[in-house]
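For reference, the structure is listed below as structure tokens.
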Amino acid sequence: MTMNFFRGVMGGQPAGPQPTGAETIHKLCDRVASSTLLEDRRDAVRALKSLSKKYRLEVGTQAMDHLIHILQTDRSDSEILGYALDTLYNIICNDEEEEQDESEDMAAAPPIPVSGKHKNVPVSDENAQKHEEDLGVLFTDKFLGDSESVTLLLTLLEEFDFHVRWPGVKLLTALLKNQCNQVQGVILVSPMGVSRLMDLLADSREVIRNDGLLLLQQLTKGNAAIQKIVAFENAFERLLDIITEEGSSDGGIVVEDCLLLLVNLLKNNSSNQNFFKEGSYIQRMKPWFEVGDDNSGWSAQKVTNLHLMLQLVRVMVSPVNSPGATSSCQKSMYQCGLLQQLCTILMATGVPADILTETINTVSEVIRGSQINQDYFASVNAPSNPPRPAIVVLLMSMVNERQPFVLRCAVLYCFQCFLYKNQKGQGEIVATLLPSTIDANSISAGQLLCGGLFSADSLSNWCAAVALAHALQDNLTQKEQLLRVQLATSLGKPPVSLLQQCTNILSQGDKINRRAKSEKGSKVQTRVGLLMLLCTWISNCPIAVTHFLHNQENVPFLTGQISENLGEDERLVQGLCALLLGICIYYNDNSLENYTKEKLKQLIEKRIGKENFVEKLGFVTKHELYSRAAQKPQPVFPSPEQMLFDHEFTKLVKELEGVITKAVHKTSEEEKKEEEVKKTLEQHDSIVIQYKDLIRDQDTQIQELREQVSTLSLNSEQMQNQVTQQQSQIQQHKDQYNILKLKLGKDSQGLSSSQGEGAHVNGLHTEELGQLREEVEELRRQHTLQHTQLSDKDSLINTLRCGAAAAAQTAEGGAGGFDNTELLGEVESLRSRVQAQCAEINQLQTERLELIRRAEAVSSAPASSSESSADTVKVSELESRLAAQTTETERLKEECRGLREGHAGLEQQLASAQSTVAIEQTEKTKLQQEVQESKKEQDDLLMLLADQDQKILNLKQRLRDLGETIDEDEDDLDARDQFGEDDDDDEEEDEENND
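Each residue of the sequence shown is one higher than the one before, counting from 260 in our numbering.
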């Protein structure tokens, strides 16, 4: 009965009126909800799947809840799960895909007339597409109404069955496309949610693995937490393995998907970037760029893959990363040979233009700010005959107007990165322009820049001016060197300087206007480039400012440009002219009488007006292209006409705009006060620097002395350990000697009854006793002499101790003196122990003589036994030990003597340091005396001037009394001068009181 009813719904057309699509879908939903047989539910879900694309709105509205219920209840049947997941994907996904041609779907689909949702809705393709996207977001929100739905979907992805896992991956990808943040939040809090998705990369079925890559791409967009989890799930290793297996740059779309995922994981994620570098994955990127000699066959997919690989390298060394991380990656890329490989592509032939452009940009950021990489790039030569430096070849492309615009921008960026924080490279570029280094037989970088600077192409003018400005960036030496460059303008005319030629082109406005109208380019672009070059050149370089002002035509030209009321296009030029004139004021050293700071400010006030000048200066930062150029270093412009500002120049404008505004509004009195303050600060700084140098030298000497003291302390500890060992050995010898003496005493008492033998022994004892007494006296004399020498050394050490304590107190506040006193105490303790050992040795020698006498008496007796022979052997052994002990004691004395000598040298060095301090103090006193004498001379001079002023006043009074007329202005001027002198006197008195 049930099957018959289902066939009535899904079977052939009845004779009555045909049901609409919505009615059919409603009946199918009822069957899914009410049928008890799994086969009936499966057939109904399959029919819904076949209708889900044509009747997307109806199926999504009526069947979604039933389909989710199927996913929860029918987990045991993979077929119905697959149908349900496919149906959900069809109603949620916005992509236009062809419906699968499955025979069972065609059989299950009922014949429904065209009376569904799109029947009478004639809308345009654009509106239809928007309607489809709105439906996808609507159904996605409905599916995500219960967060458990996403958790259920993650659980289904653990199923290995292809018909469940693949549609599950596609459905989750579609959900992420429509509502990325919401789905990411659910997956992030789901236990093992990300790990389950990472398992898709290990699936042996490529279609699931490839769709898993697409899923992870959507999952990792803009979520740093998920990016970190994916990276620590060994994503880098798996993705690089897949790229290698698929053929690297020669691979297909799978390689592209892997690279896109890698870019998502690394871009703006410092943690993953560090993990990628520490895991030595940068080294695995080198084989990607090994292109062959035959570069004729570049497929579109290979170009895309290589483009993404270059982007991945740039992500690791992007200027927006932290400087430390960027520098570390740059170093790794040089060490593993990746930079060398990129330079090979750069100089290769047959490389597509877009790949060449991206390679130039990549090399630019790999060498930016890295001295080692910049030096290597400077050494790269193009494979030409004769070989030319790569920089020269690239500059030839930059100044060639036939080259693509993006390529010229890339070359300019490469040149800027080569010179970024590279004073050595800046010097090499400027040197190619100097007269002494110009080679007429070869083309140099300087010649190309000058050629581009004065060519007819305005874009070449701008690029060359910006490139030359980067050769001068933050380098005062090269700014002064470039003033020496001379140019031959035409035959028969004397050469002019490069600075003069640039100003001549600016001042020839009519000629530029005529050329701009007849040739390709913009006159504004050329003038902006030249003005940026001049501003960079003379900023922070008073000598260049003097050269610029020396030309009598420059200042009138600038004031004329600023004061005119021009159109919108010329406003930027007016602002840059105001900036250039402001730099001439701010960095003016007043060496030219006609163009001092005060006279230039008076000129601005008379001809332009201060407020008008500041307003024109603000035109630069208010320009719409200024903020765009200030965002990032790479010059990226939609069209050549919008190429007006350079990134580094925007930094200069931001730095100078405020100080120039203040400088223009300052009065002469304020400037004088500032100059006085600057001079005072400079004097104080010089004094502080001198004392810092002195303290640094003293710190070095103190450090050396501390090292010597530590060395002597270590030696003293070693000698103390040796003394302790010797004392223990002496104690052992004492014990053995006492035992032996007791034995010999008993034997000698048994032999005293023999008188004849006793007389013989006594005679022998008397003779040997005299010899032993002489030896004892000799030892005593030596001991007395050594004691006298030790007393002399003691007095010397006490003297040095006093000097060392004073020097140490001067150098470091008594810290070093404590160390020296402690060392001397250890030496005293060591000396007392050595003297005690000498006394013990003398006592042992005396007892030794007595022992010899008794031993000989025993050995001469006729009734000697084997025990006396053994005692004699022990006595001999004891004598040898005593002799060794005496030798060791003498060695210890020598080491003590060496220690005292080292200490004497240490004291001598301390005395030398003290004398150096005294000399510096004497020099300081002399300088103070000279300052006092100078002040005294100034006071005398002021007194003379005051007397002279008084005389002048008296003479003027007498003239008035005689009826002569005196100019009142002169009187006021004299009064002001006198008032100023009185103020100066008061200030000097205050300074003396402060001192």
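Virtual Cβ for every residue (Gly too), placed ideally from N, Cα, C.
Strand pairing of Ala641, partner residues [DSSP]: Arg647
Residue closest to Ala490, alpha-carbon to alpha-carbon, out of Glu515, Val725, Leu520, Leu971: Leu520
Short Cβ contact (9 Å threshold) for Ser975 with Leu1158: yes
Entirely enclosed alpha helix (DSSP H) segments - the stretch 706 to 737, minimum 4 residues: 717 to 729
Rounded C-alpha distance that separates Leu459 from Gln486: 16 Å
Cβ-Cβ separation, Leu571 to Leu654 (assumed contact under 8 Å), whole Å: Not confirmed; about 28 Å, so no contact.
Touch test, the stretch 754 to 763 against the stretch 872 to 885, Cβ-Cβ under 8 Å, three pairs minimum: no
Residue range of the alpha helix (DSSP H) that includes Leu605: 597 to 606
Contacts around Gln633, its chain only, beta-carbon distance under 7 Å, and the 5 residues preceding and following it disregarded: Ile626, Phe677, Asn681, Gly684
Simplified DSSP assignment, three categories, for Val814: helix
Meets three-Cβ-pair contact criterion under 8 Å: the stretch 408 to 425 and the stretch 450 to 469: yes
Simplified DSSP assignment, three categories, for Ser703: coil
Burial state of Val579 (16 or more Cβ within 10 Å): exposed
Through-space distance from Leu666 to Ser507, alpha-carbon basis: 26 Å
Glu1189 and Leu953 closer than 9 Å at C-beta: no
Assigned secondary structure, Val380 (DSSP; H/G/I helix, E/B strand, else coil): Here the model assigns Val380 a pLDDT of 39, short of 50, so the residue's position is not dependable, and the following value carries that caveat. Of the three classes helix, strand and coil, the one that applies to Val380 here is coil, per DSSP.
Inter-residue spacing [alpha-carbon to alpha-carbon] between Leu473 and Val918: 54 Å
Helix, strand or coil at Leu746 [DSSP, three-state]: strand
DSSP state of Ser756 mapped onto helix, strand, coil: strand
Option in Gly841, Val576, Leu789, Val804 with minimal Cα separation from Glu739: Val804
Per-residue burial, Ala1172 [other beta carbons within 10 Å of its own, 16 or more giving buried]: buried
Status (buried if at least 16 other CB within 10 Å, exposed otherwise) for Ser591: buried
Cβ-based neighbour list, Tyr348, same chain, cut-off 8 Å, excluding 5 preceding and 5 following: Pro426, Lys429, Leu430, Ala433
Reference Val396; option with closest CA among Lys436, Leu287, Gln589, Ser294: Lys436
The stretch 632 to 652 touching the stretch 596 to 606, judged by at least three CB pairs closer than 8 Å: yes
Straight-line Cα distance separating Val744 from Val658: 20 Å
Unbroken alpha helix (DSSP H) run spanning Met457, endpoints: 452 to 457
C-beta contact flag for Ile863 and Ser798 at 9 Å: no
Close beta carbons around Lys480, own chain, < 7 Å, minus the five adjacent residues each side: Cys439, Asn523
Range of the contiguous alpha helix (DSSP H) that encloses Asp1265: Beyond the ends of the chain as shown, which are 260 and 1254, falls residue 1265; an answer cannot be given.
For Thr279 and Gln890, the rounded distance between their alpha carbons: 58 Å
Residues of its chain near Ile702, where Cβ-Cβ distance is below 7 Å and the 5 sequence neighbours each way are ignored: Val651
Reduced DSSP category for Phe535 - H, G, I as helix; E, B as strand; rest coil: helix
Local conformation of Trp425 per DSSP, three classes: helix
Cα-Cα separation between Trp557 and Arg497, rounded to whole angstroms: 27 Å
Asn813 burial status per 10 Å Cβ neighbour count (16 or more: buried): buried
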